[in-house]
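Going by this note's numbering, the first residue of the sequence shown is number 37, and it counts up by one from there.
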Amino acid sequence: MRTYLIEDLNDKDYQTVTKAFDELGLRGSIDGIYYLPLPEDLLQGDQQAHLGECGPYFMALEAVDSPDRNSLRLELLVRARNKIRCSCVSYADSAQRKHMIEYLDQFIEELEVSV
Numbered sequence: 037m038r039t040y041l042i043e044d045l046n047d048k049d050y051q052t053v054t055k056a057f058d059e060l061g062l063r064g065s066i067d068g069i070y071y072l073p074l075p076e077d078l079l080q081g082d083q084q085a086h087l088g089e090c091g092p093y094f095m096a097l098e099a100v101d102s103p104d105r106n107s108l109r110l111e112l113l114v115r116a117r118n119k120i121r122c123s124c125v126s127y128a129d130s131a132q133r134k135h136m137i138e139y140l141d142q143f144i145e146e147l148e149v150s151v
């Protein structure tokens, strides 16, 4: 799996980030998983065509709370909320990757979390 990893977060910063995700309603159905929505204007061809049936689209972020090191792991796979397997579920293209990595970096920076 291709991922963007932010590691070595101290407990306070980890709690700050996960609380902010919770407040935005991004928590997934599994503890520690968050669904970061992908803007519709960045969708690829199949994703645009399947938006009504398969969408909305997101990238999953795993928040790992570990005694050794806390981390955030953004999967660079565009997932569909309503289907697990489809041609519209694919690795992010360069524009999608760039946007989501910059979104996560800016989100953390606005929370004044240093990484």
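Ideal Cβ placement from N, Cα and C applies to all residues, glycine included.
inquiry  = With a threshold of 8 Å between beta-carbons, can L108 be considered close to chain C, or not?
reply    = Absent here is chain C; the protein component of the structure consists of one chain.
(Q) Please state the DSSP three-state secondary structure of I120. (A) By 1-based counting over the sequence shown, the position of residue 120 is 84. Three-state result, I120: coil.
Exercise. Per DSSP, which one or two residues make a beta bridge with I42?
Worked result: Within the sequence shown, numbered from 1, the residue matching residue 42 stands at position 6. DSSP, once it has assigned bridges, lists L108 as partnering I42.
- From this set, T54, L147, E59 and E76, which residue's C-alpha is nearest V100's C-alpha? One-based indexing of the sequence shown puts residue 100 at position 64. When each option's Cα is compared against that of V100, the closest is T54.
Q. Taking DSSP as the reference, what is the three-state secondary structure of L113?
A. Here residue 113 refers to the residue found at position 77 when the sequence shown is read from its first residue. Three-state result, L113: strand.
Subject >> A128, buried or exposed, once every other Cβ within 10 Å from all chains shown has been counted against 16 >> reply: Residue 128 sits at position 92 when you count from the first residue of the sequence shown. Under this definition A128 is a buried residue.
Worksheet item: Is the Cβ-Cβ distance between M95 and L74 less than 8 Å?
Response: What you label residue 95 is simply residue 59 of the sequence shown in a count that begins at 1. What you label residue 74 is simply residue 38 of the sequence shown in a count that begins at 1. Yes, Cβ-Cβ distance for M95 and L74 is below 8 Å.
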